[in-house]
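K.L.:
Sharing a structure with you now.
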Amino acid sequence: MTPKPRLLSPLRAVQRLFTRLFTRGRLARRFAFVSLMLGVVLAVLIGASLYLVSSRHLARQHHGNVQANAALVARQTEGLLTTLVNTMRDLADNRELARALAEPGGKDTPLLPFLRSVGQIASVPVVLVFTNAEGKPLADNGQRADLRMTPADLAWLERAVAARQSTVAVVKDGARLFLLAADLPAAEGGAPLGGALLYKAPLSALALHPEATLIQAGAVVPPVPAGRMAVETPLRVSDRLAPLGLVLRLEASSVPTAAFLSWVLPAYGLVALASLVGIYFGSRAVGSHMTRSLRELERLAGTIVSHGFIGQRARVRGDDEVAGLATTFNAMLDHIAAIQRERDLRAAEEITIQRTFAERAGQARAEAESAKTEAERARQEAIMALMVAERANTAKTHFLAAASHDLRQPVQSLVLLTAALAVRLGDHPASSLVGKIEASINALCRLLDAILDMSKLDAGVVSPSVQTVSLGAIFQRLEDEYRLRAAEKGIRFRAAPTSVTLSADPALLERIIRNLVENALRYTDRGRILLGCRRDADGVRVQVLDTGIGIPAEHLERIFHEFYQIANPARDRGKGLGLGLAIVDRLARLLKYRVEVASTPGKGSCFTVRIDGPSLARVVVLPSPGSGGLAGGDGAVGLALVIDDDPLVREGLTLLIEQCGWRVLACDGGAAAVRALTIARRSPDLVIADLRLEAGESGLDAIGAVERTVRTTLKNPRLPLCVVLTGDTAPERITDAKASGHRILHKPIAAKEIAALLSEALPTLPIAARS
Numbered sequence: 019m020t021p022k023p024r025l026l027s028p029l030r031a032v033q034r035l036f037t038r039l040f041t042r043g044r045l046a047r048r049f050a051f052v053s054l055m056l057g058v059v060l061a062v063l064i065g066a067s068l069y070l071v072s073s074r075h076l077a078r079q080h081h082g083n084v085q086a087n088a089a090l091v092a093r094q095t096e097g098l099l100t101t102l103v104n105t106m107r108d109l110a111d112n113r114e115l116a117r118a119l120a121e122p123g124g125k126d127t128p129l130l131p132f133l134r135s136v137g138q139i140a141s142v143p144v145v146l147v148f149t150n151a152e153g154k155p156l157a158d159n160g161q162r163a164d165l166r167m168t169p170a171d172l173a174w175l176e177r178a179v180a181a182r183q184s185t186v187a188v189v190k191d192g193a194r195l196f197l198l199a200a201d202l203p204a205a206e207g208g209a210p211l212g213g214a215l216l217y218k219a220p221l222s223a224l225a226l227h228p229e230a231t232l233i234q235a236g237a238v239v240p241p242v243p244a245g246r247m248a249v250e251t252p253l254r255v256s257d258r259l260a261p262l263g264l265v266l267r268l269e270a271s272s273v274p275t276a277a278f279l280s281w282v283l284p285a286y287g288l289v290a291l292a293s294l295v296g297i298y299f300g301s302r303a304v305g306s307h308m309t310r311s312l313r314e315l316e317r318l319a320g321t322i323v324s325h326g327f328i329g330q331r332a333r334v335r336g337d338d339e340v341a342g343l344a345t346t347f348n349a350m351l352d353h354i355a356a357i358q359r360e361r362d363l364r365a366a367e368e369i370t371i372q373r374t375f376a377e378r379a380g381q382a383r384a385e386a387e388s389a390k391t392e393a394e395r396a397r398q399e400a401i402m403a404l405m406v407a408e409r410a411n412t413a414k415t416h417f418l419a420a421a422s423h424d425l426r427q428p429v430q431s432l433v434l435l436t437a438a439l440a441v442r443l444g445d446h447p448a449s450s451l452v453g454k455i456e457a458s459i460n461a462l463c464r465l466l467d468a469i470l471d472m473s474k475l476d477a478g479v480v481s482p483s484v485q486t487v488s489l490g491a492i493f494q495r496l497e498d499e500y501r502l503r504a505a506e507k508g509i510r511f512r513a514a515p516t517s518v519t520l521s522a523d524p525a526l527l528e529r530i531i532r533n534l535v536e537n538a539l540r541y542t543d544r545g546r547i548l549l550g551c552r553r554d555a556d557g558v559r560v561q562v563l564d565t566g567i568g569i570p571a572e573h574l575e576r577i578f579h580e581f582y583q584i585a586n587p588a589r590d591r592g593k594g595l596g597l598g599l600a601i602v603d604r605l606a607r608l609l610k611y612r613v614e615v616a617s618t619p620g621k622g623s624c625f626t627v628r629i630d631g632p633s634l635a636r637v638v639v640l641p642s643p644g645s646g647g648l649a650g651g652d653g654a655v656g657l658a659l660v661i662d663d664d665p666l667v668r669e670g671l672t673l674l675i676e677q678c679g680w681r682v683l684a685c686d687g688g689a690a691a692v693r694a695l696t697i698a699r700r701s702p703d704l705v706i707a708d709l710r711l712e713a714g715e716s717g718l719d720a721i722g723a724v725e726r727t728v729r730t731t732l733k734n735p736r737l738p739l740c741v742v743l744t745g746d747t748a749p750e751r752i753t754d755a756k757a758s759g760h761r762i763l764h765k766p767i768a769a770k771e772i773a774a775l776l777s778e779a780l781p782t783l784p785i786a787a788r789s
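Just so you know, the sequence shown maps onto residues 19 to 789 in the numbering used here.
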């Protein structure tokens with residue numbers, strides 16, 4: 019237990035010293051010592067920071083210098099290698115020397131002294147040997163102990179001569195590496211010269227730096243010693259030396275420690291010592307000034323405590339913190355007598371402030387209520403505006419639906435009657451007028467079909483039928499269809515062949531591409547149109563490029579709006595209706611595709627459809643079987659049941675179907691159709707019914723009554739092909755018709771569509787009916 023007090027006594031002595039220096043004694047001395055300690059800590063931190071910054075800066079500068087030196091030495095070495103190889107090549111191609119050495123007695127030729135004088139090339143020692151066609155030495159420039167040709171070198175040369183190929187290699191002779199090369203003289207007059215030139219140079223002499231070495235590609239590189247760094251620079255040499263893959267390796271010290279310590283540490287020591295001295299004396303001066311004013315305040319306070327306040331004042335020196343303390347002390351003395359008066363004044367002020375706050379709070383509440391009322395009124399106005407917009411949109415939809423239905427009925431009659439008239443006129447001179455009528459009807463049909471497509475998309479009844487689709491087949495169909503139309507306008511249309519197949523709805527995808535091609539053909543008067551696709555990591559890009567009029571930047575967003583056209587202020591039917599790109603936009607959003615457009619006015623446009631997802635493997639697309647005519651080659655006849663409340667449409671369908679050799683039962687409703695079938699005692703092969711019949715009857719109900727009659731009354735388990743005709747564009751009617759499961763065709767339908775229906779229904783006829 020005795021050693022413990024001895025151990026604690028030095029610690030207690032240090033503690034007492036710090037207590038006496040920092041907590042006792044005069045304030046100026048304590049302030050000086052505190053400032054000194056803070057100065058020491060600050061000097062250490064600044065010195066450490068300077069040390070780190072300086073060392074890192076010098077290290078980066080040193081590394082940069084080493085890399086620059088390595089690059090410079092590499093360029094010099096490249097020039098030296100180029101000089102060596104070119105000189106040896108010229109010497110090998112010296113025909114006079116080669117002939118003199120190859121002749122009998124060539125060893126006594128006067129050129130030998132010249133050959134022996136070639137001991138160095140650009141200060142690089144080199145040994146060279148001329149040989150005959152078998153690789154046997156004829157002459158050399160002299161052998162030396164440290165640089166000579168070994169038997170292995172001559173054997174290597176014999177293999178090169180036998181292969182008749184100039185070559186180069188890096189060989190090891192003892193502990194040293196050498197560059198060994200064989201140059202075969204160039205041919206003269208079609209016959210190669212005999213012999214070869216073999217030369218050998220040390221690799222160490224080619225690196226023009228004492229710490230640089232040349233390394234061959236694939237060679238084992240010794241590790242870098244501790245405290246050093248290595249920089250490797252590939253050499254850019256001729257094709258002759260390129261197979262060696264020579265690299266220049268330059269080693270140097272990694273840290274410039276000696277240079278750093280030579281000036282940084284002494285400078286840091288001087289700065290730190292000067293700072294500490296300045297801090298100590300400055301703190302003593304500040305401490306003396308501060309304590310003088312504090313001592314005067316201490317004496318004044320003792321006088322007031324002892325004798326009371328009789329108007330004493332503290333002396334104020336300067337405008338520092340101590341002077342502020344003296345001023346505050348004087349102000350405190352002045353305020354002692356006015357405490358009560360100040361308290362009364364403050365009470366009155368507080369009452370006034372509270373009254374003002376109450377008034378402002380009431381005003382704020384009133385303003386808040388007014389703002390709330392205004393916001394509620396604005397919300398109600400927004401709701402009313404939204405309701406008005408929704409009613410307007412609904413009214414637009416109902417108007418288009420009603421107008422479309424009312425227009426499709428007479429247009430359907432025109433289509434059917436015109437087709438029948440064209441068949442009856444044949445080659446009559448008036449047949450040209452029928453063609454013009456058909457062109458006008460086709461334009462009207464395109465408008466109604468576009469409105470119908472927009473209505474179906476708005477109704478949400480279009481659901482994609484995803485299957486494997488060949489883009490190449492779609493491209494080929496479009497090229498066959500539009501090539502002649504483009505040629506008529508004097509432009510070229512081409513679809514780039516592709517083997518891309520993907521999972522998509524073939525009809526909807528083809529509709530998107532077709533509308534883009536139509537748009538390009540409509541606004542291109544010269545140049546060409548290109549249809550193609552590109553694959554990338556995200557999927558497939560289908561692109562339509564044209565050299566048309568282009569689209570200004572301010573119109574790029576609005577071209578996908580309904581009925582919006584840029585260059586058609588007169589609403590020319592030949593330039594479309596302004597619905598093609600709107601349908602493209604809605605179909606792309608339905609299929610989750612992205613449509614992008616880039617255009618330059620006067621130069622052309624590029625429409626891109628981005629289809630995300632990986633492409634499938636190529637699928638062989640089989641051609642669909644042809645229809646072969648309406649009634650086949652054997653003259654088979656079927657029974658068609660037409661249900662329509664419009665006499666003109668009913669008559670047009672009857673004429674067109676009868677011209678194809680079919681029998682037709684035409685009725686205006688479901689009850690009449692049932693009576694007609696009961697009288698005919700025969701099941702129909704095709705039923706065509708209008709969706710909206712008279713007296714509120716639906717074509718779907720009429721088809722249901724016909725199917726029940728076929729099953730029960732006619733006892734026929736086979737149901738006919740049922741088709742629903744509709745001119746409605748109302749979303750709810752389109753949805754109901756699609757939910758029935760029957761084939762849906764939209765008015766007006768063309769004669770070729772009727773022919774396709776007859777061809778489709780014909781194969782279902784029984785054998786007896788075809789005889």
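Positions of the beta carbon are idealized from the N, C-alpha and C atoms, including for glycine.
#1: Taking DSSP as the reference, what is the three-state secondary structure of Ala400?
#2: Within the same chain, show all residues whose beta-carbon is closer than 7 Å to that of Arg30, passing over the 5 residues directly before and after it, in chain order.
#3: Going by DSSP, what residues sit across from Asp158 in a beta bridge?
#4: Keeping to the same chain, check which residues put their C-beta closer than 7 Å to that of Arg254; ignore five residues upstream and five downstream.
#5: So, with DSSP's three-state summary, where would you put Val728?
#6: Go through its chain and collect everything with a Cβ distance to Thr168's Cβ below 8 Å, but skip five positions before and after it.
#7: Just to confirm the assignment, what range does the alpha helix (DSSP H) spanning Arg700 have?
#8: Ile661 bridges to which residues according to DSSP?
#9: Assuming Ala606 is part of the alpha helix (DSSP H), what are its boundary residues?
#10: Classify Met247 as helix, strand or coil using the three-state DSSP reduction.
#11: Measure the Cβ-Cβ separation of Val562 and Val535 and say whether it is below 9 Å.
#12: Could you say if the region 725-742 and the region 755-772 meet the contact criterion of at least three C-beta pairs nearer than 8 Å?
#13: Given that a residue counts as buried once 16 or more other Cβ atoms are within 10 Å of its Cβ, and exposed if not, what is Gly245?
#14: Compute the Euclidean distance between the alpha carbons of Ile767 and Pro702, then round it to the nearest angstrom.
#15: Run the CB neighbour count on Leu288, radius 10 Å, all protein chains shown included, and call it buried at 16 or more, exposed below.
#16: Exposed or buried, Leu634, counting other C-beta atoms within 10 Å across all chains shown (16 or more means buried)?
#17: As a quick exercise: from Ala769, Gly545, Ile721, Gln372, pick the residue whose alpha carbon is nearest that of Cys678.
#18: Quick one: what does DSSP say Leu526 is sitting in, helix, strand or coil?
#19: Let me know if Asp57 comes out buried or exposed under the rule of 16 or more other beta-carbons within 10 Å of its beta-carbon.
#20: Can you grab the Cα-Cα spacing for the pair Pro240 / Glu176, in whole Å?
#21: To the nearest angstrom, report how far apart Leu172 and Ala77 are at their CA atoms.
#22: Mind checking which residues open and close the alpha helix (DSSP H) that includes Ile492?
#23: Taking the CB atoms as reference points, tell me whether Val91 and Leu266 lie closer together than 9 Å.
#24: Whole angstroms is fine: what's the gap from Arg409's alpha carbon to Asp498's?
#25: Which residues does DSSP list as the beta-bridge partners of Tyr217?
#26: Straight-line CA distance for Glu771 to Gly566?
#27: Could you give the distance in angstroms between the alpha-carbon of Leu221 and the alpha-carbon of Asp111?
#28: Taking C-alpha atoms, which residue in Ala200, Val179, Arg182, Arg113 lies nearest to Val145?
#29: Please state whether DSSP places Val179 in a helix, a strand or coil.
#30: Using the Cα positions of Ala349 and Ala365, report the straight-line distance between them to the nearest angstrom.
#31: Could you tell me if Leu312 is buried or exposed, where buried requires 16 or more neighbouring beta carbons within 10 angstroms of its beta carbon?
#32: Is the distance from the Cβ of Glu360 to the Cβ of Arg333 below 9 Å?
#33: To which residues of the same chain is Val186 closer than 8 Å at the C-beta, ignoring the five residues directly before and after it?
#34: By a C-beta neighbour count over all protein chains shown, 10 Å radius and 16 as the cutoff for buried, is Lys765 buried or exposed?
#35: Sorted by chain position, which residues of the same chain lie with C-beta nearer than 7 Å to Ile64's C-beta, five sequence neighbours on each side aside?
#36: Please list the terminal residues of the continuous beta strand (DSSP E) segment that includes Leu266.
P.N.:
Reading from the atomic positions:
#1: In this structure, Ala400 counts as helix in the three-state DSSP scheme.
#2: Excluding positions up to five away in sequence, the list is empty.
#3: According to DSSP, Asp158 bridges with Val147.
#4: Glu96, listed in sequence order.
#5: helix
#6: Asp191
#7: Per DSSP, Arg700 belongs to no alpha helix (DSSP H) and is neither H nor E.
#8: Cys685, Ala707
#9: Segment 598-608, the alpha helix (DSSP H) holding Ala606.
#10: Three-state DSSP puts Met247 in a strand.
#11: yes
#12: A contact between stretches requires three or more CB pairs, one per stretch, nearer than 8 Å, and the region 725-742 meets this requirement with the region 755-772.
#13: exposed
#14: 21 Å
#15: Leu288 is exposed by the Cβ-count criterion.
#16: Below a pLDDT of 50, predicted positions are generally treated as unreliable, and Leu634, at 45, falls in that range; the measurement from the model is reported next regardless. It counts as exposed.
#17: Ala769
#18: helix
#19: Residue identity differs from the one stated: residue 57 is Gly in this sequence, not Asp. Buried, by the Cβ-count rule.
#20: As the crow flies, the alpha-carbon of Pro240 is around 33 Å from that of Glu176.
#21: A straight-line Cα-Cα distance of about 49 Å links Leu172 and Ala77.
#22: Its alpha helix (DSSP H) spans residues 489-506.
#23: yes
#24: 46 Å
#25: Leu146, Ala199
#26: 34 Å
#27: When only Cα atoms are considered, Leu221 and Asp111 end up about 24 Å apart.
#28: Ala200
#29: helix
#30: 22 Å
#31: exposed
#32: no
#33: Leu197, Leu198, Ala199, Ala200, Arg258, Leu259, Pro261, Leu262
#34: In the assembly as shown, Lys765 is a buried residue. Its beta-carbon has 16 or more other beta-carbons within 10 Å.
#35: Result list for Ile64: empty, nothing under 7 Å.
#36: 265-271
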